[in-house]
Each structure stands twice: as structure tokens, then as C-alpha cells.
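So the sequence shown is numbered by the working numbering: it starts at 442 and just counts up by one.
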Amino acid sequence: MKKDKIFIAGYNLSGFGGMETVFDNFHRLLSHNDNYDVLFVFFEDKFKNPDDRWIGEKKFVRIKSNIKNTKIRRFHFAYKFSKLISQHNPKHIISYDSLTCYISLWARRFSFKSTNIISWCHFTLHDMYKVEYILLADKHLAISSGIATQLYNMGVNQKNIYTVFNPVTPKLEVITREKNISFLYLGRINFNGQKNLKELFLSLSRINGDWSLNIVGSGDSQEIDKLKKLSILLKIENRIKWHGWQQNPWAYVRENIKNVTCLLLTSSYEGFPMVLCESISYGVYVISSDCQTGPADIIKNGVNGELYPLNDIGVLSNKLQCIIDGKQLPAHSIIKESIYEYYDDSYYNKIKKTLCAE
């Protein structure tokens with residue numbers, strides 16, 4: 442049987458974020474469960490030397506341009522992309538950023554094909570560069586209810602919005618917790634910015650009792666230095682262990698950190714934070730800022746975690762203090778079961794419904 446071809450297209454990825462995790466799961470589900478042939482198409486721009494280790498054996502093409510003028514360069518990308526469309530005749534182009542929706546539209550015109558263009562944005566649409574280009578897509582995958590609402594408020598017909606969330610693979614393993622309080626942060630390291638670790642450090646400096654924080658992830662060296670200096674200023678540096686970037690972070694946590702009381706996320710904004718879902722899939726309780734968008738979809742208060750108002754250091758430190766003081770956390774099995782609607786089978790059914798929709 443002939444396979445339907447799908448392009449997943451967008452600008453270069455850094456190589457070690459949540460989007461790569463989602464794409465890996467998406468590719469696995471579509472490649473193994475049905476007659477789909479997935480090709481990744483990357484446009485080279487900001488990241489000239491991306492880390493492609495996450496791609497593994499997946500098929501991909503990288504489109505480059507030496508044209509310096511950004512507007513002309515986009516048309517050059519579109520022209521080159523149209524050649525790829527003519528060659529493969531994909532049924533769907535799934536564009537994961539706003540500019541690629543624009544490039545895909547022009548590439549479709551240049552190729553004289555009728556390929557569907559589907560937007561698949563992974564962050565809140567507020568303040569997104571050229572967000573209006575998303576409206577050029579035929580259909581839209583929303584990874585959170587917040588993004589679905591934002592699309593609707595932009596004028597997208599509700600029948601063209603498919604809220605699919607992100608895929609999470611159920612885990613047989615459990616990451617245990619012990620009496621010693623061990624907090625975990627896993628992800629990209631920003632002082633302020635999206636990940637907003639300054640807020641986490643300030644909150645931790647207010648709590649009493651024994652605790653430790655393990656940080657698994659990487660970022661700009663200047664950002665890390667600022668956080669280390671802040672930890673010294675706050676006199677919490679001896680409680681923090683920096684583990685750096687890990688190829689398989691959750692395997693690293695299981696094998697090296699072993700026990701986690703709670704995962705913490707203080708982001709200023711998200712799309713659908715996979716680190717929360719992955720943590721919950723291992724039975725680990727989570728505390729997250731109630732930022733736009735995603736955490737409110739994932740966290741069921743007191744069942745698998747808690748939300749606190751973004752930038753409210755007092756509320757966050759109180760929640761952390763309650764855990765240190767012996768708050769009873771739910772059983773691992775209850776935490777795991779709380780996100781059943783995001784597990785692979787449910788996600789795949791939603792995606793298949795979207796791809797088959799006329």
C-alpha cells in the first residue's frame with residue numbers, strides 16, 4: 442500500500458528541547474502505526490550548527506540560503522521547498538512555526554500542488570513573531586486549550602482547530618521519593634527568559650529545613666554563571682547540584698539521582714510543557730507556574746501536582762515549605778493515571794482524525 446507522505450517543516454531546532462521530544466514521539470507513532478512516511482524539513486537560519494543527535498535514523502532535509510535579505514530569503518526557501526514538494530507530493534505539510542506557514546503557502550503555489558498546510562505551534566501565540574502568518578494554514582493543531590482559544594480569538598474557524606495536546610509514552614518505571622526532600626529542575630537553563638530560574642532560586646531561599654535541588658539541563662554559560670552567583674548571594678549554593686545536559690535525561694535521573702520528591706517549573710510561558718507530562722508519567726509530583734499555556738491542562742490540583750500564580754514567589758515558597766514539612770503526596774499510581782488522555786494511543790487517535798479530516 443502506498444504511504445501518505447507528511448512533511449514536518451520549520452526553522453532549525455537547537456537539538457535538546459521539548460519540541461524534539463514531541464517530534465520523536467510523533468514520528469514513532471505515525472511511522473509504526475499506519476501508512477505514513479514522515480520527512481523533516483529544516484530551514485537554516487539562526488542555528489547554523491544544530492545538534493542533530495535527536496534525529497537518529499529519521500529522514501530529514503536541510504534547506505539553506507545565502508541570501509541576506511530576510512524577505513527575499515524566505516522566497517528562496519519557498520522556491521527550494523517547492524522542488525521538494527514536486528518531488529515527493531506530500532499530503533500534508535505540518536509547519537511548526539509561523540514563518541514556515543508563509544514559506545509553505547508560497548512553496549505550494551510554486552509547485553502547483555494541493556498539499557494541506559497545518560500549523561503546529563509549540564508556544565503561546567502571544568508575542569509570537571509574525572503570528573498572523575499562522576492564518577495562512579488550512580488547519581491547526583493546538584497543543585493546549587489555551588492555544589486553541591488564542592487561534593479562535595484570531596479568527597480561525599473552530600472546525601479547523603484540533604486540540605491534540607502532545608504525546609506521552611506510558612512508563613513502567615517509577616521514580617521513587619524518600620524522606621530526604623529532593624527537588625528537580627529538568628530543561629533549558631534561563632536566568633530570566635522563558636524558564637525563569639531566578640524565580641525558583643528566590644523561592645527556595647525563603648524555605649526552612651533540609652532540601653536539595655538537582656538541575657539537569659544546559660543553557661548559555663553566562664546565564665548559568667548568573668544563577669550560580671545568585672545561589673551564592675542567597676546562600677543556597679551548597680544545596681544545588683548541576684548535572685549539565687544529558688542525552689537521555691530521564692534515564693539519567695533514574696540511574697544517578699534516583700529519588701525525586703517533586704519536579705519544579707517556573708516558566709514565564711510555555712506551549713504544552715512536556716517535562717510536566719514526562720515527570721507525571723514516572724509518578725513524580727509537580728509544581729508549576731500557571732503560565733500560558735499548558736500547565737493548567739496537565740496539572741490536576743492535589744492529584745498530580747499544584748499550580749501557583751506566575752511571579753508569586755510567596756505562594757511558591759509556601760507550597761515548597763508544605764512539602765518539606767511533610768505534606769502527604771499522592772501515590773505514584775494515582776499520579777501516573779492522571780494523564781491517561783495524553784498517552785500515546787489517545788494522542789494517535791486524535792492525530793489520525795485530524796489527518797483524515799476533509
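C-beta atoms are modelled at their ideal positions from N, C-alpha and C, and glycine is treated no differently.
With DSSP as the reference, label residue i as helix, strand or coil.
i: Phe632; result: coil
i: Cys703; result: strand
i: Thr556; result: coil
i: Arg503; result: strand
i: Phe642; result: helix
i: Asn655; result: strand
i: Thr511; result: helix
i: Trp547; result: helix
i: Leu625; result: strand
i: Phe564; result: coil
i: Ile677; result: coil
i: Glu747; result: strand
i: Trp686; result: coil
i: Val444; result: This sequence places Lys at residue 444; Val is not what is there. Lys444 falls in the coil class under three-state DSSP.
i: Thr610; result: coil
i: Asp666; result: helix
i: Phe518; result: helix
i: Ala583; result: strand
i: Asp478; result: strand
i: Ile728; result: strand
i: Thr604; result: strand
i: Ala450; result: strand
Exposed or buried, what is residue i when buried is set at 16 or more other beta-carbons lying within 10 Å of its beta-carbon?
i: Met460; result: buried
i: Ala692; result: exposed
i: Thr702; result: buried
i: Ser555; result: exposed
i: Cys797; result: exposed
i: Gln733; result: buried
i: Cys763; result: exposed
i: Phe467; result: buried
i: Asp538; result: buried
i: Ala548; result: buried
i: Gly685; result: exposed
i: Thr795; result: buried
i: Tyr788; result: buried
i: Thr511; result: exposed
i: Asn633; result: exposed
i: Asn507; result: exposed
i: Phe501; result: exposed
i: Trp637; result: According to the sequence provided, residue 637 is Asn. The question's Trp does not apply to it. Asn637 is buried by the Cβ-count criterion.
i: Glu640; result: buried
i: Asn557; result: buried
Using 9 Å as the threshold, is the C-beta distance between residue i and residue j below it?
i: Phe642; j: Leu625; result: no
i: Leu761; j: Ser709; result: no
i: Pro608; j: Leu706; result: no
i: Asp579; j: Ile559; result: yes
i: Arg503; j: Leu540; result: no
i: Lys451; j: Ser585; result: Before going on, a small fix: residue 451 reads as Gly here, not Lys. Result no, Cβ atoms of Gly451 and Ser585 do not sit closer than 9 Å.
i: Val694; j: Leu627; result: yes
i: Tyr749; j: Ser779; result: no
i: Glu664; j: Asn631; result: yes
i: Val725; j: Ile776; result: yes
i: Val479; j: Lys505; result: no
i: Gln599; j: Glu711; result: no
i: Gly646; j: Lys676; result: Looking at the sequence shown, residue 646 is not Gly but Ser. Cβ atoms of Ser646 and Lys676: closer than 9 Å.
i: Tyr784; j: Thr610; result: yes
i: Lys791; j: Phe564; result: no
i: Tyr520; j: Cys542; result: no
i: Asp651; j: Ile765; result: yes
i: Lys524; j: Ser552; result: yes
i: Arg629; j: Gly458; result: yes
i: Pro531; j: Asp445; result: yes
Since residue i and residue j are thought to touch, with beta carbons under 8 Å apart, how far apart are those beta carbons, to the nearest angstrom?
i: Ile544; j: Cys562; result: In fact, because the Cβ distance is near 15 Å, the residues do not count as touching under 8 Å.
i: Ile447; j: His533; result: 5 Å
i: Asp753; j: Phe713; result: About 22 Å separates the two Cβ atoms, so there is no contact after all.
i: Pro491; j: Leu546; result: Contact flag wrong, Cβ pair sits at about 25 Å.
i: Pro736; j: Leu757; result: The pair is not a contact, with the Cβ atoms about 13 Å apart (cut-off 8 Å).
i: Val597; j: Leu576; result: 7 Å
i: Asn700; j: Ser623; result: 5 Å
i: Gly746; j: Val727; result: 4 Å
i: Lys682; j: Ser653; result: 7 Å
i: Arg494; j: Gln688; result: 7 Å
Within the 9 Å Cβ cut-off, does residue i reach chain B?
i: Trp495; result: Protein chains in the displayed structure number just one, and chain B is not present.
Taking 8 Å as the cut-off, is the CB of residue i close to at least one heavy atom of the ligand ADP?
i: Thr707; result: Of the ligands one can find in the structure shown there are none, so the ligand ADP has no counterpart to examine.
Original post:
If we count Cβ pairs, one from each stretch, closer than 8 Å, do we get three or more for the region 657-669 versus the region 718-734?
Top reply: Here the region 657-669 makes no contact with the region 718-734; the two share fewer than three CB pairs at distances below 8 Å.
Original post:
Counting pairs of beta carbons, one from the region 476-483 and one from the region 559-572, are three or more of them closer than 8 Å?
Top reply: The region 476-483 and the region 559-572 do not touch, with fewer than 3 CB-CB distances between them shorter than 8 Å.
Subject >> Three CB pairs or more closer than 8 Å across the region 591-600 and the region 613-633 >> reply: Contact fails: fewer than three Cβ-Cβ distances are below 8 Å.
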